[in-house]
Amino acid sequence: MAESVAPEATPSHPDDFERYRPADIEPRWQQRWLDDKTYEVDNEEILQTDAEDIRFVLSMYPYPSGPAHIGHVRNYTFGDLLVRYHTMNGRKVLSPIGFDSFGLPAENAAIKSGEHPRPFTDARIEELSSSLRRIGAVYDWRRMVKSHDPSYIKWNQVIFLRLYEEGLIYRKNSPVNWCPGCQTVLANEQVVDGLCERSDDPVERRDMEQWFYRITDYAQELLDDLDGLEWPDRVKIMQRNWIGRSEGAEFGLPIADSDGNPRTDTPPLAVYTTRPDTSFGMTFAVMSPEHPRVDELTIPSQIDEVRAFQKDASGKSEIDRLSTVGSADKRGVFTGSYAINPVTGGSIPIYLADYVLTTYGTGAIMAVPGQDQRDWDFATAYGLDIVRTVQPPEGFDGEAFTGDGPAINSASDALDLNGMEVAEAKAAATDWIEAQGLGERRVNFRLRDWLLSRQRFWGCPIPIVYCDEHGAQPAPLSDLPIEAPDDVEFLPTGESPLNHHRGFLDTTCPVCGNPARRETDTMDTFVDSSWYFLRFADPWNDEAPINKAAVEKFLPVDQYIGGIEHAILHLMYARFFTKALADVGLSPSTIREPMKRLFTQGMVRMGGGKMSKSKGNTVAPEETVDAHGADALRLAILQVKPPAEDVDYEDFQLDGCERFLQRVWRLAIPGSDLTTNMRSGEPTPADIEIDKATHHLIARVTGEYERWSYNTAVAGFMEFTNALYKYVQASDGAHDETLDFAVNTLLELMAPAVPHISGELRERRDQSNIHLAHWPVADPAKLVVDTVTMIVQVNGKVRDRIDVPSEISEADAEALALSSEAVQGHLDGEPKKIIVRAPKLVNIVV
RNA sequence: GCCCGGGUGGCGGAAUGGCAGACGCGGCGGACUCAAAAUCCGCUGUCCGAAAGGGCGUGUGGGUUCGAAUCCCACCCCGGGCACCA
Numbered sequence: 075m076a077e078s079v080a081p082e083a084t085p086s087h088p089d090d091f092e093r094y095r096p097a098d099i100e101p102r103w104q105q106r107w108l109d110d111k112t113y114e115v116d117n118e119e120i121l122q123t124d125a126e127d128i129r130f131v132l133s134m135y136p137y138p139s140g141p142a143h144i145g146h147v148r149n150y151t152f153g154d155l156l157v158r159y160h161t162m163n164g165r166k167v168l169s170p171i172g173f174d175s176f177g178l179p180a181e182n183a184a185i186k187s188g189e190h191p192r193p194f195t196d197a198r199i200e201e202l203s204s205s206l207r208r209i210g211a212v213y214d215w216r217r218m219v220k221s222h223d224p225s226y227i228k229w230n231q232v233i234f235l236r237l238y239e240e241g242l243i244y245r246k247n248s249p250v251n252w253c254p255g256c257q258t259v260l261a262n263e264q265v266v267d268g269l270c271e272r273s274d275d276p277v278e279r280r281d282m283e284q285w286f287y288r289i290t291d292y293a294q295e296l297l298d299d300l301d302g303l304e305w306p307d308r309v310k311i312m313q314r315n316w317i318g319r320s321e322g323a324e325f326g327l328p329i330a331d332s333d334g335n336p337r338t339d340t341p342p343l344a345v346y347t348t349r350p351d352t353s354f355g356m357t358f359a360v361m362s363p364e365h366p367r368v369d370e371l372t373i374p375s376q377i378d379e380v381r382a383f384q385k386d387a388s389g390k391s392e393i394d395r396l397s398t399v400g401s402a403d404k405r406g407v408f409t410g411s412y413a414i415n416p417v418t419g420g421s422i423p424i425y426l427a428d429y430v431l432t433t434y435g436t437g438a439i440m441a442v443p444g445q446d447q448r449d450w451d452f453a454t455a456y457g458l459d460i461v462r463t464v465q466p467p468e469g470f471d472g473e474a475f476t477g478d479g480p481a482i483n484s485a486s487d488a489l490d491l492n493g494m495e496v497a498e499a500k501a502a503a504t505d506w507i508e509a510q511g512l513g514e515r516r517v518n519f520r521l522r523d524w525l526l527s528r529q530r531f532w533g534c535p536i537p538i539v540y541c542d543e544h545g546a547q548p549a550p551l552s553d554l555p556i557e558a559p560d561d562v563e564f565l566p567t568g569e570s571p572l573n574h575h576r577g578f579l580d581t582t583c584p585v586c587g588n589p590a591r592r593e594t595d596t597m598d599t600f601v602d603s604s605w606y607f608l609r610f611a612d613p614w615n616d617e618a619p620i621n622k623a624a625v626e627k628f629l630p631v632d633q634y635i636g637g638i639e640h641a642i643l644h645l646m647y648a649r650f651f652t653k654a655l656a657d658v659g660l661s662p663s664t665i666r667e668p669m670k671r672l673f674t675q676g677m678v679r680m681g682g683g684k685m686s687k688s689k690g691n692t693v694a695p696e697e698t699v700d701a702h703g704a705d706a707l708r709l710a711i712l713q714v715k716p717p718a719e720d721v722d723y724e725d726f727q728l729d730g731c732e733r734f735l736q737r738v739w740r741l742a743i744p745g746s747d748l749t750t751n752m753r754s755g756e757p758t759p760a761d762i763e764i765d766k767a768t769h770h771l772i773a774r775v776t777g778e779y780e781r782w783s784y785n786t787a788v789a790g791f792m793e794f795t796n797a798l799y800k801y802v803q804a805s806d807g808a809h810d811e812t813l814d815f816a817v818n819t820l821l822e823l824m825a826p827a828v829p830h831i832s833g834e835l836r837e838r839r840d841q842s843n844i845h846l847a848h849w850p851v852a853d854p855a856k857l858v859v860d861t862v863t864m865i866v867q868v869n870g871k872v873r874d875r876i877d878v879p880s881e882i883s884e885a886d887a888e889a890l891a892l893s894s895e896a897v898q899g900h901l902d903g904e905p906k907k908i909i910v911r912a913p914k915l916v917n918i919v920v
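Per the numbering used here, the very first residue in the first sequence carries number 75; after that it's consecutive.
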């Protein structure tokens, strides 16, 4: 064994060698990753690669709002770590980036400045791209997709026409949010507390012809396929709730004549219920104010009151209607007509009420106040009968009872449900309804068709032409892309300039060739984000929007990363598009779900509140990078909190992270003052311990990267670095090979997290590129532990800790535990029971 | 109202039925320095104790278990989603 040599004149001051200066090394590495094309993958190669060696890691493409904000940085750091980790594992990793570049902020800026949104948007994209490069995020930039790019517009329009051709898009009249001040329709997001976010005018409801996707055709599949996705449970739950499947029965209530007998001259009133078992408690029926049979069923003496009620309800904005929750007064009106409760044969009054929605079920309900609180409130306000049909438990002092219990008051000559529990009674009542020919079982969904029209300029034009004679006609493929013109004037009213641009509006009918007019509505920007991930597989394709062979190789996305705010809209639309595009043959039939695994990272807040430009509490990551370096910022993001949770920017420990990187630098830089006391030859027990710790760290960090436990992985780096500091400062010095392996491994494990410093140090140590296939593998033999600390408890309280061989027998462990002095002191009397879990624990019960 | 998630030191957090508080921040002390910064080393839940040691301790109350931050029941508080969906 080599003698340890006490070094002479050891430099004890870290300034004696080159210090870690992120600004000196980071730009060089960022340029190098571009030059070396390390993170580019070629399709020719991919088509020859097994699927298991391919990964598609995707962070939700950003809206280009300018330089990155700290939330972006958090999001893209997580994605970047995975891209680098999989690359180091020798996989082909698709890491594309794109920009969701259509949308309101750019249009609003244009309205303010009078300038076209395109140069504005292009400048913002440049800024955001630059900040992403500055935090060291790596992409295959050749694959960049931008929503406002003419080729993307073209394929978006091709997809629209195909879905239209297949009947998955239709046009219908629909109520929209109308701002009288701006003379335009607003998206729901633009309505804040019932007011227009721009002009503060109260928003009105207005009916307009709008385009819709038939997403409801896919309701059941969207629900069923959630089961196979590795997505956070809460996202799946939110989607399930949004789809809102309910099982019940739809049946008819015969309309009664003045004697209470069923009329034969008019059809029964169709109602939908999930509780057919409560039919004996149906004491009235309610139609929505907009129900098509209101006129027919209103008797002459009630007409004025009904008209007034309808007018009131229709004039009310969404907000007004919601604000009436709780007060049942003036929320309904009697039509004067009666229906017949088919199970009792009795007459029940038919009301209108605004708590019944036209768009759900049949737009009419059977009201059962005994078992439904809204019906209870209404019955109480209008003096209607209340009959309980489910026995509430003893001591129940609520109003409507919605729980389980035996049926009561539920028998007639025709049907007897009394005594049955809810589920049984439901089945019996539904069977009876079907047997009587009154109606049938029915599944309803809350999911509505997706309204895609926007009366906006800065979006993808809907490729439709209106002809006086032939109506709405698809634009010919040869016209695509139909782009918004450049020579437009933005009106201060906010109205889309397309409405007044003759060059854009005037066209000819594809059927008859006569003058026709282009659709001026554009597509919801969620359309753009519903298939961009499919385009990434082959963004160069000029034959079709989607290259099926490439998509089959890359998709589904192995890891999708984004904010929880997209849990419903974007993620539901993307799933719908994937299914619909497969069904119309534009995308491979084998890919029915776009994202296999989803991770939703938390928000970055400021002082407990959401960060926003208007609050002026944003943090510019660029300044943080200037002050501490990109690696310190990345490390602070990873260290501060589990990725799924919201985080306050104040909790970021930038100084601590930078200090840690300095420590690593000092340990790893060749010529460091810390590594002068080195020896070779046979390793000592201390060396062997360090070597084992290195292998344990490999196993630990690999597992933590796989399960998104980045904060504990950072703790692992720090613990190991602390251990190495002790090791190199020990009096007998460090073993050269052991330390070399330990430090190189540490750098490799850290490389996905802090790529610049890891790359720099490793290159200086042995001229190799750490970012290539270098992921270390733990030697199982070195993970074996020979001694463990056995916990000895008395009555569950820890009384002693004894180091024992890890293969200790139960008998030996027990004997050892009983002989411990510390334990003896706590044993008064004979042990009643001894639990032995060798080698970890012995618990003595007295 | 319904449905989720969460409550652990001064702070961010760790611990997937077996040593509560890893790691970091902050704080305290020491070394180095003329001094400071930087750096390195140590201590740091709380109460009693000079110490050895011991008591208490994961929102509250109960339960299961040899053993509970972890599982079960009830409640309180915080955050989020949906909100007349029959």
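By construction, the Cβ of each residue, glycine as well, lies at the ideal position given by its N, Cα and C atoms. Computed from a predicted structure; not experimentally measured.
Where residue i sits in the DSSP three-state scheme
i, result
"Gln510", "coil"
"Asp110", "coil"
"Asn923", "Because the chain in this structure spans residues 75 to 920, residue 923 falls outside the shown range and cannot be described."
"Gly172", "strand"
"Thr436", "coil"
"Val859", "coil"
"Met864", "strand"
"Arg515", "strand"
"Ala718", "coil"
"Ile638", "helix"
"Ala618", "coil"
"Gln633", "strand"
"Phe470", "coil"
Spatially closest choice to residue i from the options, by CA coordinates
i, options, result
"Asp561", "Pro550, His574 and Glu569", "His574"
"Val157", "Ala641, Glu189, Val714 and Ala825", "Ala825"
"Pro537", "Trp506, Met597 and Gly513", "Met597"
"Lys907", "Gly899, Val920, Met864 and Pro136", "Val920"
"Val250", "Ser139, Val277 and Asp814", "Val277"
"Val167", "Leu629, Gly703, Tyr238 and Val862", "Leu629"
"Gln445", "Ala503, Thr357, Thr151 and Leu426", "Thr357"
"Arg192", "Glu834, Ser205 and Gly177", "Gly177"
Which residues DSSP lists as bridging residue i, in chain order
i, result
"His809", "Arg753"
"Lys907", "Val919"
"Arg528", "Thr596"
"Phe130", "Leu168"
"Tyr779", "Partner(s): none; Tyr779 has no beta bridge."
"Arg591", "Tyr540 and Asp580"
"Gly545", "Cys541"
Element boundaries [beta strand (DSSP E), containing residue i]
i, result
"Asn251", "Ile243 to Cys253"
"Ala323", "Ser320 to Leu327"
"Met646", "Run containing Met646: none in the beta strand (DSSP E); it sits in the alpha helix (DSSP H), Leu643 to Asp657."
"Ser842", "Looking at the DSSP string, Ser842 is not in any beta strand (DSSP E), and its letter there is neither H nor E."
"Tyr540", "Ile538 to Cys541"
Alpha helix (DSSP H) segment containing residue i, residue limits
i, result
"Pro191", "Pro191 to Arg208"
"Met792", "Tyr784 to Gln803"
"Leu235", "Pro224 to Glu239"
"Glu893", "Here the sequence assigns Ser to residue 893, which means Glu is not the residue at that position. Glu884 to Ser893 is the span of the alpha helix (DSSP H), which, as asked, contains Ser893."
"Cys731", "Leu728 to Ala742"
"Trp316", "Asp307 to Ile317"
"Lys371", "Note that residue 371 corresponds to Leu in the displayed sequence, not to Lys. Unbroken alpha helix (DSSP H) run through Leu371: Val368 to Leu371."
Distance between beta carbons of residue j and residue i, contact taken as under 8 Å
i, j, result
"Gln231", "Pro555", "6 Å"
"Val788", "Gln713", "4 Å"
"Cys541", "Cys586", "7 Å"
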